[in-house]
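Presented below is the structure to which this report refers.
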Amino acid sequence: MSATEQITTVPAGTWQHDPVHSSISFAVQHNTVMTFSGQFGEWEARLEDGRLTGSADVSSVRVEDENLVGHLQTPDFFDAEQHPKLQFASTSIERDGDRITIAGDLTIKGTTKEVALTGTVSDPVTDGYGNERVGLDVQTVIGRHDFGVSWNADLPAGGSILADDVTVTARLALTQQ
């Protein structure tokens, strides 16, 4: 491939996420002055035949304050008992060099909405152990109320404890199967 040739497709074949080198996280403005973030410990992602799919186990949510984990699993937030998984399935993937846009359906708490993940993608490389790998680093901003995640409280000086916009980030190291 020449230095000016652009790759406009995602790698062919089946690629599975490497849990050691990958993460799915979320971040939301909290108390109007800081960012609250968390991630999921149990999840999967797969790129197969140009389609990205994934899911996360809601009961595996991790945050700095363990006292909040239980609240995040209630109907106020993820409702883990009724909706144990978050799910994503791409409907299209567009690539321009190292930039990528992945449109797809995101399901949280039983509600499915179309989202667009944007970010970067690497070309396949052979790692130090002989495995073929590709990297994706993408994110989207969703409105949590659109997915029925509506808990909030007012602050004494005005405003709300939690913003509506939540940034969801997927940093994926995918290994060819």
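The sequence shown runs contiguously to residue 245 in our numbering.
For every residue, glycine included, the Cβ atom is placed at its ideal position computed from N, Cα and C.
Quick check on the burial criterion: 16 or more other C-beta atoms within 10 angstroms. Buried or exposed for residue i?
i: histidine 213; result: exposed
i: proline 224; result: exposed
i: glycine 196; result: exposed
i: serine 90; result: buried
i: glutamine 74; result: Low local confidence applies: a pLDDT of 48 at glutamine 74 is under 50, so the model's placement there is unreliable, with the coordinate-based value given in what follows. By the 10 Å Cβ count, glutamine 74 comes out exposed.
i: threonine 103; result: exposed
i: aspartate 222; result: exposed
i: alanine 80; result: exposed
i: glycine 172; result: buried
i: valine 88; result: exposed
i: threonine 208; result: buried
i: glycine 165; result: exposed
i: methionine 69; result: With a pLDDT of only 42 at methionine 69, under the threshold of 50, the placement of this residue in the model should not be trusted; the figure read from the coordinates follows. It is exposed - the Cβ of methionine 69 has fewer than 16 other Cβ atoms within 10 Å.
Rounded to whole angstroms, what's the CA-CA distance from residue i to residue j? Just pull it up for me.
i: lysine 153; j: glutamate 200; result: 29 angstroms
i: glutamine 107; j: threonine 235; result: 11 angstroms
i: phenylalanine 146; j: aspartate 125; result: 10 angstroms
i: glycine 138; j: isoleucine 168; result: 35 angstroms
i: glutamine 119; j: alanine 157; result: Rather than glutamine, the amino acid found at residue 119 in this sequence is arginine. Their Cα atoms are separated by approximately 7 angstroms.
i: glycine 226; j: threonine 121; result: 40 angstroms
i: glycine 211; j: aspartate 232; result: 5 angstroms
i: alanine 238; j: leucine 204; result: 7 angstroms
When you compare the CB positions of residue i and residue j, do they come within less than 8 angstroms of one another, or not?
i: lysine 177; j: valine 217; result: yes
i: histidine 85; j: leucine 185; result: no
i: glutamine 141; j: serine 127; result: yes
i: threonine 179; j: glutamine 155; result: no
i: tryptophan 219; j: aspartate 144; result: yes
i: threonine 77; j: glutamate 116; result: no
i: alanine 113; j: leucine 230; result: no
Mind checking who residue i pairs with in its DSSP beta bridge?
i: glutamine 84; result: Arg114, Thr243
i: valine 236; result: Phe94, Thr208
i: isoleucine 168; result: Arg163, Gly187
i: threonine 180; result: Thr175
i: alanine 157; result: Thr121, Asp173
> Curious, which full-length beta strand (DSSP E) runs of at least 3 residues does the stretch 187-223 contain?
Replying inline: Whole beta strand (DSSP E) segments, 3+ residues: 200-211.
> Can you list the alpha helix (DSSP H) stretches of 4 or more residues lying completely in the stretch 104-155, in chain order?
Replying inline: Runs of alpha helix (DSSP H) with 4 or more residues, each lying fully within the stretch 104-155, are found at 135-140, listed in chain order.
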